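End of the sequence shown = 527 in the working numbering, gap-free, step of one.
The structure appears below as C-alpha cells.
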Amino acid sequence: MKIAIIGAGLSSAVLCQTLRRLGSLHIFEKSRGIGGRMATRQSAAESWDHGVPCFIARDPAFKQFLQPFLDDHSLTEWQPKMTTLSLEKKPYKRAWFEPHYVGQPTMNHWIKPIFAGHPMETQVDIQSIYGEPGHWHLAANDQHFGPFDWVISTAPLTPTSALFDRFNFSLTARYQSGFTLLCRMPTTPSWDRAVCQDEVIAELIVSKSRPGRSDSNTLVAHAQDPWATRQIEAEPAMVERALTDAVEALLNTQLEAPKLHRWRSAKVIEPALNTHWLDPKLQLGACGDWGGTEGVESAFLSAKALAEAFVSDGK
Ligand SMILES: Cc1cc2nc3c(=O)[nH]c(=O)nc-3n(C[C@H](O)[C@H](O)[C@H](O)COP(=O)(O)OP(=O)(O)OC[C@H]3O[C@@H](n4cnc5c(N)ncnc54)[C@H](O)[C@@H]3O)c2cc1C
Numbered sequence: 213m214k215i216a217i218i219g220a221g222l223s224s225a226v227l228c229q230t231l232r233r234l235g236s237l238h239i240f241e242k243s244r245g246i247g248g249r250m251a252t253r254q255s256a257a258e259s260w261d262h263g264v265p266c267f268i269a270r271d272p273a274f275k276q277f278l279q280p281f282l283d284d285h286s287l288t289e290w291q292p293k294m295t296t297l298s299l300e301k302k303p304y305k306r307a308w309f310e311p312h313y314v315g316q317p318t319m320n321h322w323i324k325p326i327f328a329g330h331p332m333e334t335q336v337d338i339q340s341i342y343g344e345p346g347h348w349h350l351a352a353n354d355q356h357f358g359p360f361d362w363v364i365s366t367a368p369l370t371p372t373s374a375l376f377d378r379f380n381f382s383l384t385a386r387y388q389s390g391f392t393l394l395c396r397m398p399t400t401p402s403w404d405r406a407v408c409q410d411e412v413i414a415e416l417i418v419s420k421s422r423p424g425r426s427d428s429n430t431l432v433a434h435a436q437d438p439w440a441t442r443q444i445e446a447e448p449a450m451v452e453r454a455l456t457d458a459v460e461a462l463l464n465t466q467l468e469a470p471k472l473h474r475w476r477s478a479k480v481i482e483p484a485l486n487t488h489w490l491d492p493k494l495q496l497g498a499c500g501d502w503g504g505t506e507g508v509e510s511a512f513l514s515a516k517a518l519a520e521a522f523v524s525d526g527k
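And the structure:
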C-alpha cells in the first residue's frame, strides 16, 4: 500500500512511526525542512527557535512517545530562569511549574530519525489532489506525484480544507496568528525567559539558555496575540519596526539585525469538532493540532487517533 502524507511536522512524524509497517510512506513538505511549527532558523553560528518555544506532555501516551528521545537527549527538559518585564514595574522572578521540553540542539532535531528511510519531497506545496480512491495523484505547480492508495494531510486546517474541499470535508478550527522577531542583543540578561506585561510583546527568550544552543546572544520575541491579530495584514517592515521598538523599550538596549517571521496559523484557539478525519471509502485522511488546543500534544493525539482508526478501518 502506498500512502502520501502531506506535511512534515510532528503529526506527520507520528504517522510515520505508527503506519510504517502498513505500507510505503511518501512525505510532501512545502518548506525546506522538517518540523513544521517546531521550527529553528539557523545561520553559520547562530540559531533561533522561532516557532513553538517548548511544550508540555500530560497524556500518558504522549509521555511514552517522548521517552526514547528524552533517553537519548535529543529532547530535554528546559528549566529557564523566569522573570516578568514591564515598562512600569521592576522585574520580578516567576516560578516554573511543570516540565517543558525542547529539542536539542534544535527544536526539530529529535523527530528527524522518525522520517529516516521514507522518501520525502521538500519545497513542494501540494495544491490539489486528483484521481480516485486507490489511485490518487498530487499536483504542485507543474509537478505531479502518484499514484497513491491513500492521501493523508497533516497541514493546518485551512490548507487541508482547500485540498479536500470537493470531498465534503467540513471541519473547521480557529487559529491564533502570530509574529516572532529574531534578533541579537549586545549583552546577556540575567534571565532566560521573560513574560512581558506589554501591549506588543508577550515574551522574550534568550536562545543560549536553551540546552545545546550556540553561545551567541540571540533573542526571540513573540508578539501578544491581540496585537498580532490586529496587525496580521500590515506591512511586514512596519510590524518589524514596532516589535523592535517595543523590545528595545522593555530591555532599554538596541537590538541587532532584527528579522520578522509571520505565522498565519500559530496556535489553535478553537479546535475542530473531531480529533481527526478518516474516510475509508475515499481513502483520504487528515490530522493535526486542530484536534485540540494543547499545541504539540494535540498534534500527537490527533495523529495517534487517525493511525488507530486507520489500522482498524482503513487498510
Ligand atoms: C509562535 C508559536 C508558538 C507556539 N507555542 C506553543 C506552545 O507554547 N506550546 C505548544 O504545545 N504548541 C505551541 N505552538 C503550536 C505547535 O507548534 C503546533 O501545535 C504543532 O507544532 C503542530 O504540529 P502539526 O504537525 O500538527 O502541524 P505543523 O507543524 O504546522 O506541520 C504541518 C506541515 O505541513 C506543511 N504544509 C502545509 N501546507 C502544505 C501543502 N499544501 N503542501 C505541503 N506541505 C504543506 C507545513 O509546511 C508544515 O511543515 C506554537 C506555534 C507557534 C508558531
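For every residue, glycine included, the Cβ atom is placed at its ideal position computed from N, Cα and C.
On a predicted model such as this, the values are computed, not experimentally measured, just so you know.
Quick one: grab the DSSP three-state call for Trp403.
Coil at Trp403, not helix or strand.
Do Phe357 and Phe512 have their C-beta atoms within less than 7 Å of each other?
No, the Cβ-Cβ distance between Phe357 and Phe512 is not below 7 Å.
Specify the secondary structure class of Pro359 as computed by DSSP and reduced to three states.
Looking at Pro359 - three-state DSSP - the assignment turns out to be strand.
Rounded to whole angstroms, what's the CA-CA distance from Arg386 to Glu344? Just pull it up for me.
Going by C-alpha positions, Arg386 is about 30 Å away from Glu344.
Per the contact definition of three or more C-beta pairs closer than 8 Å, is the stretch 390-409 in contact with the stretch 493-503?
No, the stretch 493-503 does not touch the stretch 390-409.
Can you tell me whether Val363 is buried or exposed? The criterion is at least 16 other CB atoms within 10 Å of its CB, across all chains shown.
With 16 or more other Cβ atoms within 10 Å, it is buried.
Can you find the residues in the same chain that come closer than 7 Å, C-beta to C-beta, to Leu237, ignoring five residues on each side of it along the sequence?
Contacts found: Ile215, Ile217, Cys228, Leu231 and His330.
Under 7 Å between C-beta atoms of Ile246 and Phe360:
With contacts defined by Cβ atoms closer than 7 Å, Ile246 and Phe360 do not form a contacting pair.
What would DSSP say about Asp525, mapped onto helix, strand or coil?
DSSP places Asp525 in helix when its eight states are reduced to three.
What ranges does the beta strand (DSSP E) occupy inside the stretch 441-523, keeping only unbroken runs of at least 3 residues that lie completely in it?
Qualifying beta strand (DSSP E) stretches, in chain order: 468-482, 488-491 and 496-499.
What does the alpha-carbon distance come out to for the pair Ala461 and Ile417?
Near 16 Å, if we compare the C-alpha coordinates of Ile417 and Ala461.
Please confirm whether any heavy atom of ligand 1 lies closer than 6 Å to the CB of Phe267.
At least one heavy atom of ligand 1 is nearer than 6 Å to the Cβ of Phe267, so yes.
Closest residue to Asn380 among Gly219, Ala517, Asp491 and Pro423 (Cα-Cα distance):
Residue nearest to Asn380 within the set Gly219, Ala517, Asp491 and Pro423 is Asp491 (criterion: CA-CA distance).
Once the 5 residues before and after Val407 are set aside, which same chain residues still bring their CB inside 8 Å of it?
Contacts found: Met294, Thr295, Thr296, Leu297, Arg306, Ala414 and Glu415.
Just to check my reading of the structure: Ser259 and Ser419 have Cβ atoms closer than 8 Å, yes? What is that Cβ distance to the nearest angstrom?
Contact holds; Cβ gap of about 6 Å.
To which residues of the same chain is Pro265 closer than 6 Å at the C-beta, ignoring the five residues directly before and after it?
For Pro265, the CB contacts under 6 Å within the same chain, skipping 5 residues up- and downstream, are Ile417 in chain order.
Between Trp439 and Leu455, what straight-line distance do the alpha-carbon atoms span, to the nearest angstrom?
Taking the straight line from one Cα to the other gives about 10 Å.
Taking the straight line between their C-alpha atoms, what separation do you get for Pro280 and Trp322?
Each residue's Cα considered, the two are about 10 Å apart.
Within 7 Å, strictly: CB atoms of Ser510 and Thr366:
It is not a contact, given that the beta carbons lie outside the stated cut-off.
Using 6 Å as the cut-off, classify the Cβ of Glu520 as near or not near the heavy atoms of ligand 1, replying yes or no.
Not so, every heavy atom of ligand 1 lies at least 6 Å from the Cβ.
Distance cut-off 6 Å: Ala517 Cβ against heavy atoms of ligand 1:
False, no ligand heavy atom lies under 6 Å from that Cβ.
When you measure from the CB of Met332 to every non-hydrogen atom of ligand 1, does any distance come out below 6 Å?
The answer is no for Met332.
C-beta atoms of Leu369 and Trp502 nearer than 7 Å
Going by C-beta atoms, Leu369 is nearer than 7 Å to Trp502.
Could you have a look at Thr366 and say whether DSSP puts it in helix, strand or coil?
Coil at Thr366, not helix or strand.
Report whether the distance from the Cβ of Asp337 to the nearest heavy atom of ligand 1 is below 6 Å.
Taking 6 Å as the cut-off, one finds at least one heavy atom of ligand 1 near enough to the beta carbon of Asp337.
Is any non-hydrogen atom of ligand 1 found closer than 6 Å to the C-beta of Ile341, if you look at the structure I gave you?
Because no heavy atom of ligand 1 lies under 6 Å away, the Cβ of Ile341 does not count as near it: no.
For the putative contact between Tyr313 and Ala257, defined by C-beta atoms under 8 Å, what is the C-beta separation to the nearest angstrom?
At roughly 25 Å, the Cβ-Cβ gap does not stay under 8 Å, so Tyr313 and Ala257 are not in contact.
Length at least 3, wholly inside the stretch 248-293: the beta strand (DSSP E) runs in chain order
The qualifying runs are 287-289.
Let me know the secondary structure DSSP gives Thr372 once reduced to three states.
Helix at Thr372.
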